[in-house]
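Sequential numbering from 597 applies to the sequence shown in my numbering. Every residue, glycine too, gets a C-beta built ideally from N, C-alpha and C. Presented below is the structure to which this report refers.
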Amino acid sequence: MQETRRMEVRNLIGGRWQVAGGRETEPVYDPATGETIAETPLSTGEDLDRAVRAAEEAFPAWAATPVVERARVLFRFKMLLEEHFEELRDLVTLENGKDRNDAAGEVRRGIEVVEFACGMPTLMMGETVRDAARGIDNVSYRYPLGVVAAITPFNFPCMVPLWTIPVAIGAGNTYILKPSERTPLSAVRLGELLREAGLPDGVFNVLNGAREAVDAILEHPGIKAVSFVGSQPVAKHVYKGGTATGKRVQALAGAKNAMIVMPDAVLDKAVPNIVSSAYGNAGERCLAGSVLVAVGDVADELVGRLEEAASALKVGPGSEEGSQLTPVIRDSHRQKVKGYVDLGEEEGARVVLDGREPPREEGFFMGPTLLDNVTGEMRVGREEIFGPVLSVVRVNDLDEAIEFTNASPFGNACSIYTENGAAVRRWRERVEAGMLGVNTGVAAPMAFFPFNGIKGSFYGDLHATGKDGVRFFTENKVEITRWLSE
Ligand code: NAD
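Here it is in structure tokens:
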């Protein structure tokens, strides 16, 4: 086996990259080979305190920097991201395992948030009403909050940090990123590029680590707001812990997304789209379609076509041209996903395609799994699996499909495949999910709209990205004015 060069993962505090002397570390693997490619330092509360102090020191000058100048740094950052696009894409593939197309899509979506935040002079505008009362004008101004933090997951190591970095710093906050300890490399590169873009020291800091670092963030009185993206139990923990110490918190959580297929769906186009939603990125997307709800007599033909399409997927490393089913993030995660397939079988699901036997010797690969005759009572029909497993639920009509979907504690995304506008309208008005896809299996997030999970997929009030993101990272002052000489 070829020896891989270890990459260095350091903390960025106050503009200085700090080596992880004396700290415990956690290995970072290339999921396609299983080799260790780096070690993530597990930062402590003391490390966090240093980062907060650096961010606090940088805050007054950065908040007082005219918004057009802050935006100019973002414009330079955007140019650097374009220049290093392929490098960032390959870094995502290396540490996460997803294929190059998916990785390129992730970097592109992230850049779009930077582009959105380049409009910060407009986004920061307050509101005015002249003559709110006789001779009295009413104005609101937007202000940054201070030091804010973001805690991000392994599955989008470049895009999810970029959901908040440009908006938070563009609005004048200083920022601490705690990336996933399983995928820290993209975050380090973003930090280097932000420095190259001319961001002053201490405005953007990277604190590597895991649970201890997160809990220190929740407790630190210097941090005003926390943006979290990750699994549901941790989202709840972060929301409770952060709000208990008076912070503003948005916590984007897990998912169990249904894809409803109506009898009139255009199957030739729907099936490849469904397969890509369920198995793309090895099912490790919070917008992945995880349950296929087949309505009426479409089920038999649909399951047959899905079996054929899914079994034809090319399993291989994300860096290899044409790979469609890439590895999951860790062997421990693979064991968990396999456990769910065992459970589904025990619960009475029919295993149409069985991906439990690793299709490749090295790395953390699984084959595609397709389960039929799944019901809402089964755990495989209710819980997030986060792997290349698609469960088929059979229902009689649209109302039953919506009822099944709404019984889920999650409400991240839902898709419908049909050419019937009335069915789409009925579904949209009644379904309990915040990201909706019509004839598309991934209701992809756009920078200018909020990422809008609801129910157990989100804790908080203001979502990430779009105008919600700007409101999350700012607060208002409302001023009322009269002139006594008038
Ligand atoms: P995770 O919850 O394990 O980790 C997320 C972050 O929390 C990481 O930075 C990690 O270090 C930290 N963390 C983990 N366990 C912790 C604990 N016990 N205490 C404190 N901090 C802890 O999530 P993940 O496995 O990295 O990511 C996958 C999950 O994220 C899936 O559930 C997926 O649906 C979800 N996700 C949601 C969205 C969304 O927009 N709603 C987007 C991407 C991912």
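Residues bridged to Leu966 (per DSSP):
Leu949 and Leu986
Tell me where the alpha helix (DSSP H) around Leu883 begins and ends.
Segment: none, Leu883 is in no alpha helix (DSSP H) and carries neither H nor E.
Apart from the five residues just before and just after Leu758, which ones in its own chain have a Cβ nearer than 6 Å to its Cβ?
Gly706 and Val709
What does DSSP give as the partner residues of Gly715 in its beta bridges?
DSSP lists no partner for Gly715.
Tell whether a beta-carbon distance below 7 Å holds between Asn692 and Pro753.
yes
Are the C-beta atoms of Val710 and some chain D residue less than 7 Å apart?
Absent from the structure: chain D. Only one protein chain is present.
Tell me whether Asn1035, by its Cβ, gets closer than 6 Å to a heavy atom of ligand 1.
no
Under 6 Å: does the beta carbon of Cys754 sit that close to some heavy atom of ligand 1?
no
For Arg672, does the three-state DSSP call read helix, strand or coil?
When secondary structure is reduced to three states using DSSP, Arg672 falls in the helix class.
Residue burial classification, Met597 (beta-carbon count within 10 angstroms, cutoff 16):
With a pLDDT of only 42 at Met597, under the threshold of 50, the placement of this residue in the model should not be trusted; the figure read from the coordinates follows. Exposed is the call here.
Proximity test, Ser907 beta-carbon vs ligand 1 heavy atom, cut-off 6 Å
no
I'd like to confirm the pairing. Which residues does DSSP put opposite Pro740 in its beta bridges?
Thr1070
Buried or exposed (CB count within 10 angstroms, at least 16 for buried), Met716
buried
Minimum C-alpha distance to Phe750 - residue among Arg730, Asn801 and Thr689:
Thr689
Taking all protein chains shown into account, decide if Asp896 is buried (16 or more other Cβ within 10 angstroms of its Cβ) or exposed.
The residue in question, Asp896, is exposed, as its Cβ has fewer than 16 Cβ neighbours within 10 Å.
My guess is that Val743 and Thr770 are in contact by the Cβ rule of under 8 Å, so how many angstroms apart are they, rounded?
5 Å
Quick check: Val857 and Leu898, are their CB atoms within less than 7 Å of each other?
yes
For Arg1086, which residues of its own chain have a beta-carbon under 7 Å away from its beta-carbon, when the five flanking residues on both sides are left out?
Only positions 597 to 1082 of the chain appear in the structure, and residue 1086 is not among them; the question remains open.
Where Ala628 sits in the DSSP three-state scheme
coil
Mind checking whether Asn877 and Lys694 have CB atoms under 7 Å apart?
Asn877 places its beta carbon less than 7 Å from that of Lys694.
Looking at the strands, I want to know which residues DSSP matches up with Lys852.
Its beta-bridge partners do not exist; DSSP assigns none.
Can you list, in chain order, the residues of its chain whose CB lies under 8 Å from that of Ala890, leaving out five sequence neighbours each side?
Val857, Leu898, Val899, Val988, Val989, Arg990 and Val991
Regarding Ala851 and ligand 1, is the C-beta to nearest heavy atom distance less than 6 Å?
yes
Is any heavy atom of ligand 1 found at a distance shorter than 6 Å from the C-beta of Ser1011?
no
Does the structure place the region 1060-1073 close enough to the region 760-777 that three or more beta carbon pairs sit under 8 Å?
yes
Check Asp733 in the structure and name its three-state DSSP category.
strand
N-terminal and C-terminal residue of the beta strand (DSSP E) that Phe750 is part of
No beta strand (DSSP E) contains Phe750, which DSSP labels as neither H nor E.
Just reading off the beta strand (DSSP E) that Asn1002 is part of, what are its end residues?
No beta strand (DSSP E) holds Asn1002; the alpha helix (DSSP H) holding it covers Leu994 to Asn1002.
Do you know whose CA, among Gly722, Gly731 and Leu986, lies nearest Tyr737's CA?
Gly722
In DSSP terms, what Ala1009 is bridged to:
Looking at the DSSP assignment, Ala1009 forms a beta bridge with Met1031.
Rounding to the nearest angstrom, what Cα-Cα distance links Asp860 and Glu1015 in this structure?
Spanning the two alpha carbons is a distance of roughly 7 Å.
Use the C-beta contact count for Trp1079: other C-beta atoms within 10 angstroms, 16 or more gives buried, fewer gives exposed.
exposed
So what does Arg1021 bridge to, in DSSP terms?
DSSP, once it has assigned bridges, lists no residue as partnering Arg1021.
Applying the criterion that 16 or more other CB atoms from any shown protein chain within 10 Å of the CB defines a buried residue, is Met675 buried or exposed?
exposed
Taking 6 Å as the cut-off, does the CB of Gly610 come closer than this to any heavy atom belonging to ligand 1?
no
From Thr1036 to Ser1053, what does the alpha carbon distance come to, in whole angstroms?
20 Å
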